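Visitor:
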Amino acid sequence: MIEGLVAFSVRYRWIVIALMAFITVASLGVAAHLFRINTDVERLIDPKEPWRQDEINFEKAFPQRGNTIVAVINGETPEETEEAAANLAKALTAHKNLIETVYRPDGGPFFDRNGLLLMPQAQLDKTLEELTQQQGLLGPLAADPSLRGVMRVLSLGARGVKSGDAKLEDLDKPMGQIDATLQKVLAGKPARMSWQELLANGQSSVTDKMKFVIIQPVLDFNALEPGYQATKLIRNVAHDLKIDAEHGLRMRLTGTVAVADEEFATLSEDAALNNSIIVGAIVLFLWLALRSGKLVGAVLITTFAGLIVTAALGLIMVKELNPISVAFAALFVGLGIDFGIQFSVRYRADRYEQPTLQSAIRAAARGVGWSLTLAAVSLVAGFFAFLPTAFRGVSELGLIAGVGMVVAYLFSLTLLPALIAVFEPKGEKEAVQTAWLVGVDPWIIRKRKPILIAVGVVTLAGAPLLWHLPFDSNPMHLRSAKTESIATYLDLIKNPETSPNLIDVLAPNVDAVPALSKTLAALPVTSSVNSIDTFVPRDQDKKLAAIADTAQLLDPVLNPGRKPPPPTDAENVKALKDAAAALNGVAGDGKEAAGAQNAKQLAGTLDKLAGGPVQMREAASVALTKDLVPLLQRLRDLLHPEKITLDNLPPQLKADWVAADGRARIEVHPKGDSNDDEVLRTFSDEVLKVAPHATGAPVATTRSTYTILGAFVQAAITAFVLIFVILSVALRKPWDVAMTLGPLVIATLWTLMALRLIDMPLNFANIIALPLMLAVGVAFHIYYVIAWRAGVTDMLASSLTRAIFFSALTTGSAFGSLVLSSHPGTASMGKLLALSLFFTLIAAFFVVPATLGEPPAQADDDRPEGEKAAAAALRKSTTPSDPVPAK
């Protein structure tokens with residue numbers, strides 16, 4: 102049948118080529134139209150998994166929390182940072198065509214008025230006490246919030262030191278902060294003094310200078326980067342608002358949309374250069390194997406035509422690729438070229454012996470048709486073993502690659518023979534063999550026992566390495582830390598206050614929140630818990646009373662009845678000189694009293710400013726007072742909050758914590774390093790004991806590990822069983838089946854041992870290499886076993902080994918395209934595939950021949966008809982007078 106198909110393709114070569122060309126061109130159009138990559142790692146898992154159902158349920162309850170871009174803004178002062186975040190949020194709301202919603206989770210009018218009320222009681226009491234103690238500072242500033250007023254405050258402070266009512270060290274921080282600001286002004290640099298930090302005695306949390314704007318963009322799913330236009334808009338708006346390093350600000354974008362878009366960019370980064378290098382390497386190895394430009398061209402055309410058809414069929418079947426299934430291209434090229442090389446090298450060997458090109462092609466079909474068929478069926482079984490698993494990403498790769506093997510097999514027996522017939526490569530002048538391995542087969546037979554003992558010793562000695570193989574279950578580690586979105590994520594997880602590695606728990610209603618929150622907060626793995634109660638405090642009456650008492654004291658201070666007119670430049674100069682003189686008066690020689698040196702230094706700065714141009718003093722006035730007036734107004738607002746209820750919460754804030762159906766979200770933060778897999782695993786397990794349907798990154802990371810490892814165990818067992826059954830039916834001798842699969846198992850074990858030795862963990866991406874190489878290795882071993890059963894003696898010196906060796910090199914080159922990827926997950930997959938390929942070849946070249954021993958003296962007739970034909974062709978091609986069969 103195989104020989105008949107090949108003969109038909111040769112006889113009607115032009116019809117076959119025209120038909121294949123039409124199919125390829127049509128497939129190219131389909132693939133170009135349907136091409137899309139979805140980089141959402143959550144999609145890689147079957148949505149029917151229970152923990153994925155919990156995720157989907159949560160996403161339906163809080164849809165606004167999905168598909169977001171998070172703008173992270175850092176500034177030199179809290180005021181600058183808050184202003185930049187507020188301006189960005191306000192500006193983006195005007196672009197309804199690209200932005201659906203904009204949300205400030207940590208700022209806005211609600212927080213400006215109710216910030217004190219939202220504090221824990223202990224923190225509130227401390228803050229109110231500090232504000233009361235600062236009446237002497239706040240009063241003069243509220244009465245005259247200008248450069249003149251600031252200088253008068255300094256003068257009053259110096260007088261207090263001189264009279265003994267204050268200590269000079271009490272002025273140390275204010276003097277240092279004012280001096281640092283004015284030094285920047287004198288140097289012509291942008292400067293703004295933070296009164297918020299001054300009032301907080303220089304103490305601030307990381308979130309004071311880091312603000313967030315959460316943006317839900319309009320996504321274009323027809324584009325390769327759905328959020329590209331929205332991201333571009335955000336960056337342009339930020340540029341227009343001068344949110345950049347030149348103005349002391351920094352904006353970074355992260356979030357699910359930014360991560361997905363940048364991941365696609367990473368996947369395609371340097372793709373043209375890398376693919377050019379890989380194609381060049383493949384062409385070189387093909388040339389070394391085939392020694393004919395026409396044969397190389399025929400194999401390449403066949404392979405890439407099959408790749409295009411496979412891509413189209415794959416996109417039709419799965420609708421979109423994912424970061425794992427995109428590897429089908431490298432797998433197809435590597436394995437598809439293997440079929441082409443096996444057929445073409447066999448053709449070369451037969452062309453040396455056959456009188457005509459057509460007879461050589463038919464002889465090649467007889468010689469390798471059966472082994473190609475058995476290899477293709479085994480490969481399809483190996484790939485299809487992934488289909489029933491819950492790891493959807495690999496399941497789709499298995500589907501595409503399995504269909505691809507069918508395409509590669511059919512094209513190798515139709516299009517390739519037709520192209521060879523049309524191209525008419527020159528005949529062979531000498532037998533095709535692997536000359537550099539002449540004599541190795543007899544040596545292996547002689548040393549068979551020591552070789553097998555060595556294999557056993559190495560395998561047993563390395564067995565302890567297989568215990569507790571490291572598995573990196575964090576999907577973020579599969580992404581490039583060079584991208585802004587991932588670099589920002591890695592920066593955020595360093596601090597518990599900003600880490601996105603949190604768990605969301607759904608309470609049935611708002612009334613159930615307090616009890617559940619208390620239970621979650623009591624867990625030893627929990628650092629903090631947030632909920633709707635964080636924004637609607639249950640003990641407001643006590644807090645409101647304390648704030649009202651403080652307001653009675655500070656209202657007259659913050660609201661002076663009469664204010665002087667804005668100062669003239671002459672008044673500013675006088676105020677600067679008076680302050681300098683007062684500071685010099687209390688500083689003495691600047692050596693003894695604490696703070697004296699700062700007083701002396703600030704006095705000198707003030708004298709310079711007083712003697713400088715008017716523009717310098719105007720700049721100093723802006724630097725010192727730009728954030729003073731807003732701060733005073735915010736203090737007035739903070740001292741007059743209103744009782745917060747669910748009804749008067751801002752709609753966006755309420756929607757972020759209470760779903761439309763009344764369920765309430767509780768946010769649980771972990772203790773420890775939230776980038777540590779063990780920390781996340783323990784955190785997830787403990788929270789799930791309290792709330793079995795909890796969701797979030799730690800839960801997904803932990804549960805996906807179990808899902809994926811289970812999927813691969815299932816796939817590996819399924820693939821092994823399917824291939825075992827196929828080989829048992831095809832080879833009909835249990836020992837021969839064992840000799841085919843045994844060395845393959847050893848190669849897999851060696852690969853895993855090598856992983857431990859080079860400290861390379863398994864992960865979601867590279868673990869796919871193990872079952873794949875089981876299928877790939879079977880092909881190589883099948884070729885040898887069938888040749889051995891046919892009575893071929895010097896297998897390593899034959900054309901068969903030449904085909905396998907160069908096929909492995911081209912397959913390795915295809916995998917090399919994965920290794921060179923800028924995407925860490927794809928690169929790790931390529932590395933493990935290459936490592937697996939290396940040990941598969943070692944097993945094929947040395948373990949298989951040693952295991953098989955000498956070929957049977959008499960061919961066994963209890964074999965399939967296809968193998969009998971192949972065996973006859975193999976024996977016919979062996980020239981008894983030659984020490985090496987002319988392969």
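According to my numbering, the sequence shown holds residues 102 to 988 in order.
All residues carry an ideal CB built from backbone N, CA and C; glycine is no exception.
Bear in mind that the values here come from a model prediction, so they are computed numbers and not experimental data.
(1) Contact criterion: CB-CB distance below 9 Å. Does Phe487 meet it with respect to chain D?
(2) For Asp605, name the three-state secondary structure that DSSP assigns.
(3) What separation, rounded to the nearest whole angstrom, lies between the Cα atoms of Ile869 and Leu416?
(4) Take every Cβ of the region 601–619, pair it with every Cβ of the region 711–719, and state whether three or more of those distances are shorter than 8 Å.
(5) Can you name the residues that DSSP bridges to Ile859?
(6) Pick helix, strand or coil for Ser829, following the three-state DSSP scheme.
(7) Applying the criterion that 16 or more other CB atoms from any shown protein chain within 10 Å of the CB defines a buried residue, is Ser785 buried or exposed?
(8) With a floor of 4 residues, list each alpha helix (DSSP H) that falls wholly inside the region 242–298, ordered by position along the chain.
(9) Is Val780 near Val788, with beta carbons less than 9 Å apart?
(10) Can you have a look at Gly913 and say buried or exposed, based on whether 16 or more other CB atoms are within 10 angstroms of its CB?
(11) Alpha carbon to alpha carbon, what distance is there between Gln653 and Arg166?
(12) Can the beta-carbon of Asp895 be found closer than 9 Å to that of Val539?
(13) For a test of the three-state rule: what should DSSP assign to Gln317, helix, strand or coil?
(14) What separation, rounded to the nearest whole angstrom, lies between the Cα atoms of Ser110 and Ala915?
(15) Could you check whether the Cβ of Ser785 sits closer than 8 Å to any heavy atom belonging to the ligand SAM?
(16) By how many angstroms is the C-alpha of Asp207 removed from the C-alpha of Leu193?
(17) Let's see if you can read the secondary structure: which residues bound the beta strand (DSSP E) around Glu719?
(18) Helix, strand or coil for Ile594, going by three-state DSSP, please let me know.
(19) Rounded to whole angstroms, how far is the Cβ of Gln234 from the Cβ of Leu300, which I believe are closer than 8 Å?
(20) Output the residue ranges of the beta strand (DSSP E) runs that lie fully inside the region 315–379 and measure 3 residues or longer, sorted by chain position.
(21) By DSSP's criteria, Ala765 is part of a beta bridge. Which residues make up the other side?
(22) Name the DSSP beta bridge partners of Lys312, please?
(23) Let's test the definition: count the other Cβ atoms within 10 Å of the Cβ of Asp362 and tell me whether it reaches 16, buried, or not, exposed.
(24) For Met854, does the count of other Cβ atoms within 10 angstroms reach 16, so buried, or fall short, so exposed?
(25) Quick check on Ile554: buried or exposed, where buried means 16 or more other Cβ atoms within 10 Å of its Cβ?
(26) Here's the rule I'm using: 16 or more other beta-carbon atoms within 10 Å means buried, otherwise exposed. How should Ile587 be labelled?
(27) Is there contact here, the region 498–505 with the region 483–490, by at least three beta-carbon pairs under 8 Å?
(28) From this set, Phe365, Arg452, Leu823 and Pro742, which residue's C-alpha is nearest Lys643's C-alpha?
(29) So, with DSSP's three-state summary, where would you put Val800?
(30) Beta-carbon within less than 7 Å of Met220's beta-carbon, same chain only, minus the 5 sequence neighbours each way: which residues are those?
(31) Count Cβ pairs between the region 623–633 and the region 731–738 that sit closer than 8 Å; are there 3 or more?
(32) In angstroms, rounded to a whole number, what distance separates the CA positions of Met121 and Glu160?
(33) Within a Cβ cutoff of 6 Å, which residues of the same chain sit near Ser460, ignoring the five residues on either side of it in sequence?
(34) Specify the secondary structure class of Glu156 as computed by DSSP and reduced to three states.
(35) Using the C-alpha atoms, what's the distance from Phe940 back to Glu966?
(36) What did DSSP end up calling Asn302 once you bin it into helix, strand or coil?
Guide: In brief:
(1) Within the model displayed, chain D is absent; a lone protein chain is all it includes.
(2) strand
(3) 20 Å
(4) no
(5) None, per the DSSP bridge assignment.
(6) helix
(7) buried
(8) 248–264 and 273–287
(9) no
(10) buried
(11) 41 Å
(12) yes
(13) strand
(14) 28 Å
(15) In the structure shown, the ligand SAM is absent, as is every other ligand, since no ligand is present at all.
(16) 17 Å
(17) Taken as a continuous stretch (DSSP letters only), Glu719 belongs to no beta strand (DSSP E), being part of the alpha helix (DSSP H) at Val715 to Thr726.
(18) coil
(19) About 10 Å; that fails the 8 Å criterion.
(20) 350–355
(21) Ala608 and Val759
(22) Ile174
(23) buried
(24) buried
(25) exposed
(26) buried
(27) yes
(28) Pro742
(29) helix
(30) Thr228
(31) no
(32) 46 Å
(33) none
(34) helix
(35) Note that Glu966 scores a pLDDT of 47, beneath 50, so its modelled location is shaky; the value from the coordinates is reported in the next line. Near 33 Å, if we compare the C-alpha coordinates of Phe940 and Glu966.
(36) coil
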